[in-house]
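Peer 1: Residue numbers (the UniProt record's numbering): 1 to 175. For each residue, glycine too, the CB sits at the ideal point set by N, CA and C.
1. Any idea what DSSP makes of residue 21, helix, strand or coil?
2. Quick one: residues in its chain with C-beta nearer than 6 Å to the C-beta of residue 55, no 5 flanking neighbours on either side, listed in chain order?
3. Report the residue from 99, 124 and 110 whose alpha carbon sits nearest the alpha carbon of residue 141.
4. Could you pull the start and end residues of the beta strand (DSSP E) that residue 109 belongs to?
5. Going straight from the alpha carbon of residue 49 to that of residue 59, what length do you get?
6. Alpha carbon to alpha carbon, how far is residue 148 from residue 40? Give it in angstroms, no decimals.
7. Which residues in the same chain as residue 108 place their Cβ atom closer than 6 Å to its Cβ, once the five residues preceding and following it in sequence are excluded?
8. Can you give me the C-alpha to C-alpha distance between residue 123 and residue 37, rounded to a whole angstrom?
9. Would you kindly work out how many angstroms separate the C-alpha atoms of residue 33 and residue 52, rounded to a whole number?
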């Protein structure tokens with residue numbers, strides 16, 4: 001009986017397409033609809049890094065807007081300096097199932113960051129849609145995150161405050 005157990009070989013077989021699909025979905029930017037907002041989850045980024053983000057927003061997220069959909073950035077009095085819309089293309093048609101969006105994003109401080117971009121329907125300016133772009137930003141020396149698909153680092157901004165500064169602080173007057 002012991003000899004029959006020794007001769008039995010155990011093999012585990014994985015379906016490579018399933019593994020690949022699970023990996024790609026874990027490494028993709030995610031979208032979530034919340035009222036008139038679309039929340040875009042970027043994952044982990046690194047502080048003081050500037051990113052170019054290629055988003056493919058599914059057209060199903062825009063069902064709240066009347067057809068035809070042609071969105072443009074809203075002209076704001078105070079522009080968002082940490083997150084700006086670089087390019088918005090695509091129309092919701094039966095052939096196109098998504099909108100191509102390029103965003104430049106600056107991870108300016110360490111923590112969970114939320115930046116907003118507002119889009120309006122060019123045909124009906126009353127129809128407003130907000131993109132809420134969220135990212136968990138890692139501080140200096142806390143690791144290098146694996147960027148999700150469509151996120152590209154385009155620059156690093158050096159710290160304005162140096163740790164080796166000669167500044168001794170403000171002198172206090174004593175009476």
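Peer 2: So, from the data block:
1. Summary for residue 21: the model assigns pLDDT 39, below 50, so the residue's position carries little reliability, and this model does not support an answer.
2. 101
3. 110
4. Neither: residue 109 is in no beta strand (DSSP E) and is coded neither H nor E.
5. 30 Å
6. Roughly 12 Å between the two C-alpha positions.
7. 82
8. About 19 Å.
9. 22 Å
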